[in-house]
Amino acid sequence: METDTITAISTPMGEGAIAIVRLSGPDALSISNDLFLGKDLTKVESHTMHYGKIIDPETDEVAEEVMVSIMQAPKTFTREDVVEINCHGGLVSVNRVLEIVLAKGARLAEPGEFTKRAFLNGRIDLSQAEAVMDLIRAKTDRAMNVALKQMDGRLSKLIQSLRQQLLETLAHVEVNIDYPEYDDVEEMSHNLMEEKTQEVLVEVKKLLQTAQQGKILREGLATAIIGRPNVGKSSLMNALVHENKAIVTEIPGTTRDVIEEYVNVRGVPLRLVDTAGIRETEDIVERIGVEKSRQVLKEADLILLVLNYGDELTEEDEKLFEAVRDLDVIVIVNKTDLEQRLDMDTVKQLAQEHPVITTALLHEKGIDELEQAISQVFFEGELDTGDMTYVSNVRHVQLLKQARQALEDALNGMEMDMPIDVVQIDVTRTWEILGEIVGDTVHESLIDQLFSQFCLGK
Ligand code: GDP
Ligand code: ZN
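Taken in order, the sequence shown gives residues 1 to 458; the numbers are from this note's numbering.
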């Protein structure tokens with residue numbers, strides 16, 4: 001059990017007009033009262049807000065005018081006494097207030113320590129704690145919704161109910177083994193076990209199916225921009241980003257490093273990757289880029305294949321079409337301001353059912369049509385956050401895969417008529433693995449590792 005009082009600035013640095021210094025722990029009230037000019041904060045009612053001044057102990061002068069929220073344990077985020085000092089004077093004064101709080105005996109919180117205390121004090125479970133982290137990192141409204149639902153305990157409830165079913169089955173079977181009063185006891189246990197294992201397996205598989213969409217919401221649709229040198233890949237990326245972060249250059253083949261950029265195209269989160277063209281080359285430096293490109297292609301959810309309207313179709317272009325045959329592709333014919341050399345019929349034939357968009361990026365033409373096509377590709381996949389429980393966390397996905405394996409092992413065992421106590425081992429293992437998602441059976445070191453990824457002040 002932690003006994004000291006921690007503090008941190010719990011609002012993003014340099015953002016917003018109000019900054020909050022948060023304290024949590026047994027001395028939160030007395031420390032705040034010590035530096036506060038106003039009411040006696042140790043005597044006020046819980047969950048109330050009070051206007052006053054923070055006195056600098058070194059100079060005895062007023063350091064900041066504040067509103068202080070008093071929240072007494074246990075109805076707080078950490079289940080400890082919590083005080084939030086709302087400052088409005090910008091970064092310098094909020095830092096000054098933090099210094100004073102530290103001087104009065106609070107300790108600077110480690111990243112994620114508030115949330116860790118909430119978890120350790122049983123206020124939230126691990127998947128909810130992780131949702132707090134996802135929420136902080138969410139890049140789109142949709143991703144935020146998913147995190148909010150998880151924080152609400154949706155995934156936890158589902159996982160707990162699956163665990164409960166397994167536990168009840170195990171208990172049932174155990175009783176049957178201990179009291180074999182009936183002849184068909186072995187068979188009954190067997191049937192019950194098989195039925196329940198199947199049911200849970202179906203649920204675990206359903207959850208795993210949401211993982212891909214969950215990942216896209218969380219990390220963005222991995223989008224690779226490919227094409228021969230100089231066709232306009234960097235220009236395309238810039239057009240989508242509306243900022244000049246990728247390097248645009250006149251020299252062919254100069255985009256050697258893979259650059260990443262996030263954009264929000266009509267509500268679709270894209271993670272854009274600009275790559276060197278995928279092609280055969282003698283240049284060793286360029287080959288590094290090409291290798292990377294191939295890798296990126298394999299991992300992409302969406303590919304933007306760029307061609308040059310002012311050039312004839314080359315063997316390289318055809319190879320690119322070949323490489324992306326079974327992937328989600330939008331073909332972009334750029335530089336339509338130039339004299340036509342590209343045979344559009346051949347392009348459409350090569351593109352098969354994939355959309356073909358024409359652009360003149362230099363003159364900012366065709367970008368709307370492109371954005372339209374992107375949102376269509378995405379929403380036709382019918383990504384809907386509606387009422388579903390999404391799994392979007394890598395750790396959860398890994399554990400669910402392990403659970404799926406353990407359940408399949410159990411079913412295989414039953415198929416091969418293994419003794420019921422052998423099958424029990426796999427079912428018990430599943431129960432433990434699922435427990436790790438909600439934090440019932442996780443190791444100390446994992447908890448430390450998880451919480452250390454948080455932002456300071458959360
Ligand atoms: P990348 O090598 O495929 O990344 O191509 P870039 O985006 O670096 O563009 C190469 C050159 O083509 C640059 O000089 C761009 O300004 C130019 N460019 C890009 N789009 C257009 C366009 O629509 N029309 C014309 N005429 N030039 C373009
Ligand atoms: Zn480029």
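Glycine included, each C-beta is placed from N, C-alpha and C at the ideal position.
Asked, Found
"Delimiting residues of the alpha helix (DSSP H) encompassing E322", "315–323"
"F77, DSSP secondary structure in three states", "coil"
"Rounded distance between the beta-carbons of L126 and V438, thought under 8 Å", "6 Å"
"Simplified DSSP state of L207, which is helix, strand or coil", "helix"
"V94 to V101 span [Cα, whole Å]", "11 Å"
"Distance, M237 Cα to K75 Cα", "49 Å"
"Cβ-Cβ separation, H50 to V68 (assumed contact under 8 Å), whole Å", "5 Å"
"Heavy atom of ligand 1 within 7 Å of A360 beta-carbon", "yes"
"Top-ranked residue by Cα proximity to E64, from A19, L407, L434", "A19"
"Backbone secondary structure at I18 - three-state DSSP", "coil"
"Beta carbon of L302 nearer than 8 Å to that of V377", "yes"
"Check whether V265 and L407 have beta carbons under 8 Å apart", "no"
"Buried versus exposed, by CB contacts within 10 Å (16 or more), G122", "exposed"
"CB contact flag (G227, L320, <8 Å)", "yes"
"Residues sharing a beta bridge with R107, DSSP", "I6"
"Where L399 sits in the DSSP three-state scheme", "helix"
"heavy atom of ligand 1 below 7 Å from L338 C-beta", "yes"
"Residue closest to N33, alpha-carbon to alpha-carbon, out of P111, V331, K104, L327", "K104"
"Identity of the residue in H363, G38, T7, S235 nearest A28 by Cα", "T7"
"For T359, the three-state DSSP class (helix, strand or coil)", "coil"
"Exposure of S10, with buried meaning 16 or more beta-carbon neighbours within 10 Å", "buried"
"Distance cut-off 7 Å: S234 Cβ against heavy atoms of ligand 1", "yes"
"Span of the beta strand (DSSP E), counted from its first residue to its last, around N308", "302–308"
"For V44 and I70, believed in contact at Cβ under 8 Å, the rounded distance", "6 Å"
"Where the alpha helix (DSSP H) through M344 begins and ends", "344–351"
"C-alpha distance - I330 paired with L208, whole-angstrom precision", "28 Å"
"Three-way DSSP call (helix, strand, coil) for G435 in this model", "helix"
"Of the listed residues L272, D343, M193, nearest to A410 (C-alpha basis)", "M193"
"Residue from K298, T48, V66, L35 with nearest C-alpha to T59", "L35"
"C-beta atoms of Q165 and V200 nearer than 8 Å", "yes"
"Reference I124, options S46, L155, T358, E99, closest by Cα", "L155"
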